[in-house]
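The numbers in the numbering used here rise by one with no breaks, and the one at position 246 of the sequence shown is 246. Just so you know, even glycine gets a beta-carbon here, dropped at the ideal spot from N, CA and C. Here is the structure we will look at.
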Amino acid sequence: MINFNIDKLKFTQSGNFFLMAGPCAIESEDMAMRIAERIITITNKLEIPYIFKGSYRKANRSKGSSFTGIGDEKALRILEKVGQTFDVPTVTDIHESDEAAMAAAYVDVLQIPAFLCRQTDLLIAAAKTGKVVNVKKGQFLSAGSMKFAVEKVKEAGNDRVILTDRGNTFGYQDLIVDYRGLPEMQSFGVPVVMDCTHSLQQPNQSSGVTGGKPELIATIAKAAIAVGADGLFIETHPDPANAKSDGANMLHLDHLEALLEKLIRIRKAVI
């Protein structure tokens, strides 16, 4: 299901799932452009609808000294350049209501972080920009409760909504994915995405740096496609070990194409 209209989104009639992928954070223009070009080459080859993902700022960090960004306007202009250079839609997350209009001037999709998915003012501000709004399901919420987030966006006059699952809190330092939630959220009449990287986070580490299990990204992705997810969200980087944000649970960019090829075969088998 792709029931949101983005002019730059290609291959929407291919029958494939769509993909939101890119680095966790915009680290530099060169890095963003190289990652985008690599992913676009792959998705064009495989005819996968693709949206470039990159956070212009990381507001939710465990430690105050953690990397948060290179500057809002600088990072947003890089996202804009990616979109214009490669004719591809872009997505970034916002954290406060007054960021919605600012970010909407540069990107095609506004993402609501999982921890903020109940923030009514934030959802309404995002909706009123007219951009597609991707709401990530809180780790603390059931799939069924996300219908209220959808209602808030639609009642603000915007029916261009995506829901993204990123697992549920399982104890203090782990997450678990309940795949029953994907069809339940699809019943709200919106596309549903599986976040294959953040769902493998291991939060609340004593080091103050979130851990992860990137070796299981393929497992999460394959199960999601088998269940019928409309799209996948994958953070990827050419050197995760040295990424400035969330390196512990990002997919190495070298592994992306082979994974997507497997996922296309699974989708064809289950349709």
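Beta-carbon proximity list for residue i, same chain, < 8 Å, skipping 5 on both sides
i	result
Glu184	Ala143, Gly144
Phe86	Ala36, Glu37, Ile40, Phe52
Ala100	Ile94, Leu110, Leu122, Ala125, Ala126, Lys128, Thr129
Lys222	Lys262, Leu263, Ile266
Val270	Ile225, Ala226, Gly228
Burial state of residue i, where buried means 16 or more other Cβ atoms lie within 10 Å
i	result
Thr43	buried
Val190	buried
Thr219	exposed
His198	buried
Glu261	exposed
Gln111	buried
Gly157	exposed
His255	exposed
Gln279	There is simply no residue 279 to check, as the chain begins at 1 and stops at 271 in what is shown.
Arg265	exposed
Lys137	buried
Ile225	buried
Ser206	Note that Ser206 has pLDDT 48, beneath the 50 cutoff, so the model's placement of it is unreliable and the number below is only indicative. Answer is exposed; the Cβ neighbour count stays below 16.
Asn242	exposed
Residue of the options minimising C-alpha distance to residue i
i	options	result
Met102	Lys128, Val88, Leu116	Lys128
Gly181	Tyr172, Leu163, Gln111	Leu163
Phe11	Ile26, Leu46, Glu27, Asn168	Leu46
Ile48	Leu263, Glu73, Ile271	Leu263
Asp239	Ala32, Asp7, Leu9	Ala32
Lys268	Phe17, Asn5, Glu73, Ile94	Phe17
Val107	Leu116, Arg118, Ile78, Thr120	Ile78
Phe115	Asp93, Glu99, Ile70, Glu215	Asp93
Ala258	Val270, Glu99, Ile217, Ala229	Ile217
Gln173	Val270, Val150, Ala149, Gln201	Gln201
Gly247	Leu9, Asp72, Pro23	Pro23
Asp230	Asn242, Phe140, Gln186	Gln186
Same chain, Cβ closer than 6 Å to residue i, five either side skipped, listed in chain order
i	result
Val153	Leu123, Ala127, Val133, Val161
Phe67	Lys244, Ser245
Val227	Tyr179, Leu182
Lys147	Phe188
Phe233	Met20, Thr164, Val193, Asp195
Gly83	Thr90
Asn249	Thr197, Leu200, Gln201, Gly212, Pro214
Ala59	His95
Glu29	Ile78
Bounding residues of the alpha helix (DSSP H) (the contiguous stretch that carries residue i)
i	result
Ala114	From DSSP, Ala114 is part of no alpha helix (DSSP H); its letter is neither H nor E.
Ile217	217 to 227
Lys262	256 to 270
Ile42	29 to 46
Val150	147 to 155
Thr120	120 to 128
Gln186	181 to 186
Ala104	99 to 104
Residue i: first and last residue of the uninterrupted beta strand (DSSP E) it sits in
i	result
Glu235	231 to 237
Lys53	50 to 53
Ala21	18 to 22
Lys136	132 to 136
Met194	192 to 195
Ile162	161 to 165
Val82	Note, Val82: premise wrong, no beta strand (DSSP E); alpha helix (DSSP H) at 72 to 86.
Thr90	90 to 93
Own chain partners of residue i with C-beta closer than 7 Å, once the 5 adjacent residues on each side are dropped
i	result
Ala149	Cys117, Leu123, Val135
Within the chosen definition, does the region 190 to 200 reach the region 171 to 182 through at least 3 CB pairs nearer than 8 Å? Taking one beta carbon from each stretch, the region 190 to 200 and the region 171 to 182 have 3 or more pairs nearer than 8 Å; the two touch.
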